[in-house]
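One structure below.
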Amino acid sequence: MVYKKRKDGRKFDEARKIEAKVGVVKRADGSASFRFGNTWAVAAVYGPRELYPRFLQDPSKGLLRCNYNMMPFSSRGERVRPGGSRRSKEISMVTQKALLPVLNLDEYPNAVVDVFIELPETEAGSRTAGINAASMALADAGLLMKDLVSSVSVGRVDDKIVVDLDYAEESYDDGPVADIPIAILPKSGNVSLLQMDGLVSKDQLKEAVELGKKACAKIYEIQKKALKEKYNVKGDGQ
Amino acid sequence: MSKLLVKEKEIVVPGEVLAEGMDNLPGIGTYRQGEEILAGRLGLTYIDGRTIKLIPLSGKYAPKRNDTIICKVIDINFSGWRVDTNSAYSAMLSMKDGTSAYIQKGADLTQYYALGDYVVAKIVNVTSQKLIDVTMKGPGLHKLKGGRIIQVSCHKVPRIIGKQGSMVSMIKQATGCRVSVGQNGLVWIQGEPDKELLVENTIRKIEEESHLAGLTDRIQKFLEKETGAKLDVSKSSQAPPSPAGGRPKSYAASVRQGDNHGL
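Residue numbers (my numbering), protein chains in the order written: chain A, 263 to 500; chain B, 1105 to 1367.
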């Protein structure tokens, strides 16, 4: 009963300041950056392109390959060792699984779509920022998609259900904490990512997911706006 | 009650609802879910009677039959040449389609097309598994010697070619360069080095400003300023086909791409 007010003054159902931009990596086929406060993800999409090694090729559909990477200087001063880790491998996998339901890769047999998610700055919620950026980058790359994917982390801090936990809340000492990253397909409301770390009751989880859905709806509007901004440049609007 | 929720030439993102009810039909780039028609990709809406279509604005080149493309020879095998098409799939140029010359068994195929050579070829077939066959037999299809290749977005190719090839022939007239525009987004330029550069800059300008009205006029002014010579546009549109063979292709391309982008 002690967590009355969030440290940065946000409301309990309020996400950190969000910034989204599309087309940040000019050489990539599609790219986007997404920011939740101090968590910053940049995603670049390459492909569809030829897939090697050949044994990975699937003649019935294309493959989606995601790579999540925290930059060495991205964390809190302790250098993040470059290269893959157990953690980054897991996050790459859940990102791929979160994005796959919206993609239609039937048109690209034997090919691959590569998504590279780099995080120059992280302070909790990095996988959700990565998914948001990647979903915009995939749309920017002109791939066939049913929908976008919006993602946010929800959770509980002490007795409160909160949206978009920052690092201070994730490591809150004076009571139980649960961190629940979720990803939503905004059109259908389907959930494509749901992970949980911490302690949470069934009712709290339900409440948290409902709150997350609402937060994702707001994020979806921001993603949509960013995508339209890139193409709706000055002039006669086409 | 059917309702159209978007205007013509509106940018939509995947999953956006374009229309409700059964009176409209989902066209290319869209899909139906229950009563609604939704966007299946990022694109520009184009309403064709009752059908709602999406014109792609970005993305890699998707090989299509009868497209004239510029490709690079990447491999040579028993039956011909494998060429890169600037898409996710490479194409096969068979010995029969590559040249009409008699090729003896075991002959050295590099004397026709060597590794790294660029050719203007036409796609004859694309299978469901995206096996592509190209041919060199046809008007304007030839091997490219010298010059330079630049890469542009394949969605801007109709802008670079212009209506009935007006834009590309204007560039050719102003710079005296030979220019071939492949539908896969590769452009070949050959001429004086500084003029080649001017063509490249002009094409980059077209790419950047393709969405703005009055493109042809602005490009004409730009070329006149750069070359310091007045351009006679009426003459350029009647210019004879260049030896590079750009004209028949560009003509076909501009007719096929039509006025979909409506500038």
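All C-beta atoms in this analysis are idealised placements derived from N, C-alpha and C, irrespective of residue type, glycine included.
In this text the structure is predicted, and so the values were computed from the model without any measurement.
Span of the beta strand (DSSP E), counted from its first residue to its last, around residue i
i         : result
Gly1371/B : Because chain B here runs from 1105 to 1367, residue 1371/B falls outside it and cannot be looked at.
Gly309/A  : 301-312
Asp1237/B : 1236-1239
Leu1122/B : 1121-1124
Pro266/A  : Checking the displayed sequence, the identity of residue 266/A turns out to be Lys instead of Pro. It is not in any beta strand (DSSP E) - Lys266/A carries neither H nor E in the DSSP assignment.
Arg501/A  : Chain A is shown only over 263 to 500; residue 501/A falls outside these bounds and no answer can be derived.
Ala1225/B : 1222-1230
Val287/A  : First-last for Val287/A: undefined, no H or E at that position.
Gln1294/B : 1290-1294
Arg338/A  : Unbroken run through Arg338/A: none, as it is neither H nor E.
Arg316/A  : Looking at the DSSP string, Arg316/A is not in any beta strand (DSSP E), and its letter there is neither H nor E.
Ser412/A  : 412-419
N-terminal and C-terminal residue of the alpha helix (DSSP H) that residue i is part of
i         : result
Phe298/A  : Premise fails: Phe298/A lies in the beta strand (DSSP E), 292-298, not in any alpha helix (DSSP H).
Ala1317/B : Counting along the chain, Ala1317/B falls outside any alpha helix (DSSP H), and DSSP gives it neither H nor E.
Glu352/A  : 348-361
Lys398/A  : The sequence shown places Met at residue 398/A, rather than the Lys named in the question. Looking at the DSSP string, the run of the alpha helix (DSSP H) that includes Met398/A is 388-402.
Residue i - DSSP class collapsed to helix/strand/coil
i         : result
Pro371/A  : coil
Pro1130/B : strand
Cys1258/B : helix
Ala277/A  : coil
Leu427/A  : coil
Gln1277/B : helix
Ser1284/B : strand
Lys1353/B : In this predicted model, Lys1353/B has a pLDDT of only 41, less than 50, meaning its place in the structure is not dependable; the value taken from the coordinates is given anyway. The answer is helix: DSSP assigns Lys1353/B an H, G or I state.
Gln1324/B : helix
Leu365/A  : strand
Pro1243/B : coil
Gly271/A  : coil
Asp343/A  : According to the sequence as given, residue 343/A is Arg; it is not Asp. Looking at Arg343/A - three-state DSSP - the assignment turns out to be coil, as it is neither helix nor strand.
Ile1141/B : strand
Glu383/A  : strand
Val1303/B : helix
Gly1366/B : Confidence is the limiting factor: at Gly1366/B the pLDDT is only 32, short of 50, which leaves the residue's position unreliable, though a coordinate-based value still follows. Coil.
Pro443/A  : strand
Asp409/A  : coil
Asp1298/B : helix
Ser1106/B : coil
Val1117/B : coil
Gly1251/B : coil
Gly1147/B : strand
Lys1329/B : helix
Lys1267/B : helix
When the options are compared against residue i, the one with the closest alpha-carbon
i         : options                                    : result
Asp1212/B : Tyr1222/B, Asp1221/B, Gly1280/B, Phe1182/B : Phe1182/B
Ile446/A  : Arg327/A, Glu469/A, Leu361/A, Pro438/A     : Leu361/A
Lys1247/B : Trp1185/B, Asp1336/B, Lys1111/B            : Trp1185/B
Val287/A  : Leu318/A, Met407/A, Val364/A, Ala399/A     : Ala399/A
Leu1302/B : Gln1277/B, Leu1319/B, Gly1318/B            : Gln1277/B
Ala277/A  : Val304/A, Lys351/A, Leu367/A, Gly417/A     : Gly417/A
Lys1325/B : Met1274/B, Val1187/B, Ala1195/B, Lys1299/B : Met1274/B
Ala386/A  : Lys273/A, Lys283/A, Ser322/A, Tyr434/A     : Tyr434/A
Leu467/A  : Ser415/A, Gly437/A, Arg338/A               : Ser415/A
Glu1223/B : Lys1234/B, Lys1241/B, Thr1231/B            : Reading off the sequence, residue 1223/B comes out as Val, not Glu. It is Lys1241/B whose Cα lies nearest to the Cα of Val1223/B.
Gly1119/B : Lys1111/B, Leu1142/B, Lys1107/B, Lys1113/B : Leu1142/B
Gly1147/B : Arg289/A, Gly404/A, Asn394/A               : Gly404/A
Asp368/A  : Lys1113/B, Gly1163/B, Tyr1165/B, Gln1233/B : Gln1233/B
Tyr493/A  : Ala430/A, Gly451/A, Asp402/A               : Asp402/A
Ser337/A  : Ser454/A, Thr384/A, Ser295/A               : Thr384/A
Lys267/A  : Lys422/A, Asp376/A, Arg311/A               : Lys422/A
Arg311/A  : Lys359/A, Pro371/A, Arg343/A               : Pro371/A
Glu1296/B : Arg1308/B, Asn1170/B, Arg1282/B            : Arg1282/B
Lys351/A  : Arg389/A, Gln319/A, Val364/A, Val375/A     : Arg389/A
Asp1188/B : Gly1210/B, Glu1139/B, Val1238/B, Arg1263/B : Val1238/B
Ser322/A  : Thr1231/B, Gln1137/B, Thr1331/B            : Thr1231/B
Ser299/A  : Ala391/A, Val264/A, Lys359/A, Asn366/A     : Strictly speaking, residue 299/A in this sequence is Gly, with Ser absent from that position. The option with the nearest alpha carbon to Gly299/A is Ala391/A.
Beta strand (DSSP E) runs wholly inside the region 1152-1217 of chain B, at least 3 long, in chain order = 1155-1160, 1172-1181, 1184-1188, 1194-1198
request  = Evaluate contact between the region 343-356 of chain A and the region 407-426 of chain A, counting only Cβ atoms and requiring at least three cross-stretch pairs below 8 Å.
outcome  = no
Segments assigned beta strand (DSSP E), at least 3 residues, entirely inside the region 447-492 of chain A = 452-456
ask   = On the three-pair Cβ rule with 8 Å, is the region 471-478 of chain A touching the region 420-427 of chain A?
value = yes
key: Cβ pair count under 8 Å reaching 3, the region 1251-1267 of chain B against the region 1197-1211 of chain B   = no
message = Taking contact to mean 3 or more Cβ pairs, one atom from each stretch, closer than 8 Å, check whether the region 1282-1294 of chain B and the region 1162-1181 of chain B are in contact.
response = yes
message = Between the region 378-388 of chain A and the region 328-339 of chain A, can you find at least three pairs of beta-carbon atoms closer than 8 Å?
response = yes
request  = Assess, as a yes-or-no matter, whether the region 1118-1133 of chain B is touched by the region 1155-1170 of chain B under the definition of 3 or more beta carbon pairs within less than 8 Å.
outcome  = yes
ask   = If you pair each beta-carbon of the region 304-312 of chain A with each one of the region 452-472 of chain A, do three or more pairs fall below 8 Å?
value = no
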